[in-house]
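S.K.: So the sequence shown is numbered by my numbering: it starts at 10 and just counts up by one. Beta carbons: idealized from backbone N, C-alpha and C, even for Gly. Can you read through this structure? Questions will come right after.
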Amino acid sequence: MNLSPVPTAPETDSISRFSQEPLPVVYVQGTHREMGYQIGQHRRAAIHAMLATYRRHFDNEGERLRINSWREATLHARKYLPFAEESVPQYVEELQGMAEGAGMDFNDLLVLNCMEALTEDALHRGCTSLAVAPEVTADGTLLVGHNEDWLPDDFETVYLVHARPANEPAYLAITYGGLLPNIGFNARGIAQCCDSVYPNDARIGVPRIFVSRAVLAARTLDEAIRAALNRRRAAGYNHLIVHASGEMYNVEVSAADFQVIYGDEGLLVHTNHYTARRMRAVERSSEDLIASRVRYNRTLRLLRSHAGRLDNQSIQTILADHVNFPRSTCNHVEISDNPLDRQQTIASLIMDLASNTLHVAWGTPCRASYHSYRLEA
Ligand SMILES: [Zn+2]
């Protein structure tokens, strides 16, 4: 019997959001400051909307978020700034340009980009990432898939950036509001997906978003992995890093440790728990990550059962799987959850590095249609 993804949500869900429209794209080029300015101008409304949402969360849920006022958040975020300025000053300039373009205070954008550190990961983010090498796909095409799961509040603020930096490879990536982009691929054939993980050794340092932004600028696998391991990093993600040749890695990172896992089966999956034994020693709240383990096992099993037949269509159906609904790979809002615990798939991505194409569905992929975008280097 063929193992098939579970395509339909087992109950009516009128809350999780989706759209049949294509995601907006911002085309930028130039120096980092110029690109930031162009993003700020084009996405001004989304950036201000995101700021208003998080100000409201700090006002209403300060205790839960461990920060009691926006001013306190700003003071705390400023401690991270010197580390970013020392190691990735070009991305600080991007944010400065974005603040100017959007007509807002740089400190407000800094807070948004340090949110995971400031709240000590009180806002849990899901995400499922996968990669399949040419030897296991139907037509020898390398594919990378990612479900981006986050607060439904940010559904309206998500967009794509098509960038041609003056001194770095062109890239196509997804981001929200005023955040630096980090999930996408570049003209050198490097792709990255980021999955939240929950290390217990976080420290003041270069915030995760700045670290992962730098991976998008890598020209080789070695540069990409070293960028993810920035020695002044504040914490860590899992970085699923793939090269167009079919070389695939999960790089599981905490502030002080890391493990590099090679995709030697031609298949890689990652969700939100550490898979390397050594990294489990620094994982906190492991008991909260059971749904992550269920998604991981389910996705890997589906990929294995389709090995040799995998294509864009089968990856779409695997990303729309509903086992363990609503905390399934296609993630839906749990209605009984506190608003800050709600999450859903905000965007579902498939990257085809051979054709420099990104297919994206806006919202839960069981209902939203994929649209295609090409990186023109
Ligand atoms: Zn769904």
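From Pro178 to Ser294, what does the alpha carbon distance come to, in whole angstroms?
M.R.: The straight-line gap from Cα to Cα measures roughly 38 Å.
S.K.: For Ser244 and Val262, what's the separation of their Cα atoms in angstroms?
M.R.: The sequence given here places Ala at residue 244; Ser does not occur at that position. Going from the Cα of Ala244 to the Cα of Val262 covers about 7 Å.
S.K.: In three-state DSSP terms, what is Met10?
M.R.: Legend: pLDDT at Met10 = 46, less than 50; position of this residue unreliable, value from coordinates given subsequently. Here Met10 sits in coil by DSSP.
S.K.: What are the residues that DSSP puts in a beta bridge with Trp159?
M.R.: Trp159 is bridged to Gln353.
S.K.: Does the count of Cβ pairs from the stretch 162-174 and the stretch 32-43 closer than 8 Å reach three?
M.R.: Cβ pair count under 8 Å is three or more, so yes.
S.K.: Compute the Euclidean distance between the alpha carbons of Phe334 and Asn281, then round it to the nearest angstrom.
M.R.: Cα to Cα, Phe334 sits roughly 17 Å from Asn281.
S.K.: Helix, strand or coil for Leu424? Go by DSSP, reduced to three states.
M.R.: Outside the displayed range of the chain (10 to 386) lies residue 424, so it cannot be described from this structure.
S.K.: To the nearest angstrom, report how far apart Ile327 and Ser23 are at their CA atoms.
M.R.: Cα-Cα distance, rounded: 22 Å.
S.K.: May I ask you to list the residues that DSSP assigns as paired with Gly39?
M.R.: In DSSP, Gly39 forms a bridge with Pro174.
S.K.: Could you check the C-alpha separation between Leu84 and Thr62 for me, to the nearest Å?
M.R.: Cα to Cα, the separation comes out at about 19 Å.
S.K.: Could you check how far apart the C-beta atoms of Arg222 and Leu189 are, in whole angstroms? I think they sit under 8 Å.
M.R.: About 4 Å separates the two Cβ atoms, so the contact holds.
S.K.: I'd like to confirm something about Cys136: is its beta-carbon nearer than 7 Å to some heavy atom of ligand 1, or not?
M.R.: Every heavy atom of ligand 1 is 7 Å or more from the Cβ of Cys136, so no.
S.K.: At a cut-off of 7 Å, is Ala377 close to ligand 1 when judged by its beta-carbon and the heavy atoms of the ligand?
M.R.: No, the beta carbon of Ala377 sits no closer than 7 Å to any heavy atom of ligand 1.
S.K.: Out of Gly154, Gly214, Arg307, Thr373, state which residue places its alpha-carbon closest to the alpha-carbon of Glu94.
M.R.: Nearest option by C-alpha distance: Gly214.
S.K.: I need the DSSP call for Ser221, collapsed to helix, strand or coil.
M.R.: Note: Ser221 maps to helix in three-state DSSP.
S.K.: With DSSP collapsed to three states, give me the class of Tyr246.
M.R.: Strand.
S.K.: Run the proximity test for Thr373: is its beta-carbon closer than 7 Å to any non-hydrogen atom belonging to ligand 1?
M.R.: Checking the Cβ of Thr373 against ligand 1 gives yes.
S.K.: Which first and last residues belong to the beta strand (DSSP E) in which Arg383 is found?
M.R.: Arg383 -> beta strand (DSSP E) spans 379-383.
S.K.: Can you pull the DSSP bridge partners for Leu169?
M.R.: Val34, Ile183, per the DSSP bridge assignment.
S.K.: Please determine whether the Cβ atom of Ala329 lies at a distance below 7 Å from any heavy atom of ligand 1.
M.R.: Yes, Cβ of Ala329 sits closer than 7 Å to a heavy atom of ligand 1.
S.K.: For Ala147 and Asn116, I'd like the C-alpha separation in whole angstroms.
M.R.: Roughly 48 Å between the two C-alpha positions.
S.K.: For the stretch 227-240 against the stretch 194-204, are there 3 or more C-beta pairs whose distance is under 8 Å?
M.R.: Enough Cβ pairs lie closer than 8 Å, so yes.
S.K.: State yes or no: is the C-beta of His155 nearer than 7 Å to some heavy atom of ligand 1?
M.R.: Outside the cutoff, so no.
S.K.: With distances taken from CA atoms, which of Ser78, Ser357, Ala300, Ser254 is nearest Pro31?
M.R.: Cα-wise, what sits closest to Pro31 is Ser357.
S.K.: From Ala182 to Asn191, what distance separates their C-alpha atoms?
M.R.: So the alpha carbons of these two residues sit roughly 7 Å apart.
S.K.: Assuming Asn239 is part of the beta strand (DSSP E), what are its boundary residues?
M.R.: First-last for Asn239: undefined, no H or E at that position.
S.K.: Between the alpha carbons of Asp313 and Leu276, how many angstroms are there, rounded?
M.R.: Contrary to the premise, residue 313 reads as Arg rather than Asp in this sequence. Distance between the alpha carbons of Arg313 and Leu276: 8 Å.
S.K.: Does DSSP put Val120 in a helix, a strand or coil?
M.R.: In the structure shown, Val120 sits in a helix (DSSP, three-state: H, G or I).
S.K.: Write down every uninterrupted run of the beta strand (DSSP E) in the stretch 258-284 whose length is 3 residues or greater and which is fully enclosed by it, in chain order.
M.R.: DSSP runs (the beta strand (DSSP E)) wholly in the stretch 258-284: 267-271, 276-279.
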